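Scroll down for the structure; my scribbles are underneath it.
In my numbering, the protein residues as written are 23 to 200.
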């Protein structure tokens with residue numbers, strides 16, 4: 023009798039422990055521990071124009087690509103400037119980059135980085151005009167535009183001295199790509 027009593031008591035104890043402990047919940051999600059082979063983020067790149075630079079943009083004589091891009095953009099808008107002597111320091115040619123996460127839904131917004139190509143002094147206060155962003159395969163995956171935030175500051179004195187903190191020729195546009 024003692025042997026069957028012991029087995030019954032053990033079975034009751036194990037059952038009670040199983041019922042009291044509750045269900046087991048995993049602390050990890052499947053997407054955190056599994057990766058698909060060949061799936062990666064996509065680096066995008068594009069060439070664009072930043073306008074509204076208040077005299078700190080490219081000099082068109084030293085940056086001929088800026089002049090060509092400005093003329094082509096204005097002609098697409100219906101403004102004929104081919105024989106005009108453009109002389110503006112409010113425009114800069116820029117390279118635009120972004121990182122498009124794998125499995126991004128169409129219409130997802132991404133942050134965009136903008137860097138000058140020519141001799142612009144600063145992108146502070148500038149606006150990137152619509153720029154297509156291509157992947158390594160040459161296909162357009164996103165477009166970018168918006169106000170450039172440089173994260174730099176400049177201060178100048180009456181004597182002509184100036185101090186710049188940060189990198190004024192590179193900036194970001196938060197959620198500027200779509």
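Positions of the beta carbon are idealized from the N, C-alpha and C atoms, including for glycine.
All values derive from a computational prediction rather than experimental measurement.
Judging by CA-CA distance, which residue of the options is the nearest neighbour of residue i?
i	options	result
residue 134	171, 51 and 35	171
residue 88	95, 142, 124 and 115	115
residue 142	159, 71 and 35	71
residue 81	101, 103, 140 and 118	140
residue 102	163, 180, 181 and 92	92
In the DSSP assignment, find the beta strand (DSSP E) that holds residue i and state where it starts and stops.
i	result
residue 122	113-122
residue 197	192-199
residue 72	64-73
Would the C-beta of residue i count as close to the ligand HEM, meaning under 6 Å from any of its heavy atoms?
i	result
residue 139	Ligands are entirely absent from the displayed structure, and the ligand HEM is therefore not among its contents.
Output the distance between the C-alpha atoms of residue i and residue j, rounded to the nearest integer angstrom.
i	j	result
residue 176	residue 199	27 Å
residue 196	residue 66	15 Å
residue 27	residue 38	16 Å
residue 173	residue 136	12 Å
residue 194	residue 148	11 Å
residue 121	residue 50	26 Å
residue 157	residue 90	24 Å
What does the Cβ neighbour count give for residue i, buried or exposed, with the cut at 16 atoms within 10 Å?
i	result
residue 127	exposed
residue 77	exposed
residue 146	buried
residue 144	buried
residue 75	buried
Identify the continuous alpha helix (DSSP H) that holds residue i and give its terminal residues.
i	result
residue 89	86-98
residue 187	Counting along the chain, residue 187 falls outside any alpha helix (DSSP H), though it belongs to the beta strand (DSSP E) covering 184-187.
residue 133	Per DSSP, residue 133 belongs to no alpha helix (DSSP H); it is in the beta strand (DSSP E), 132-138.
residue 53	52-55
Q. Is the stretch 80-96 close to the stretch 47-63, with three or more CB pairs under 8 Å?
A. no
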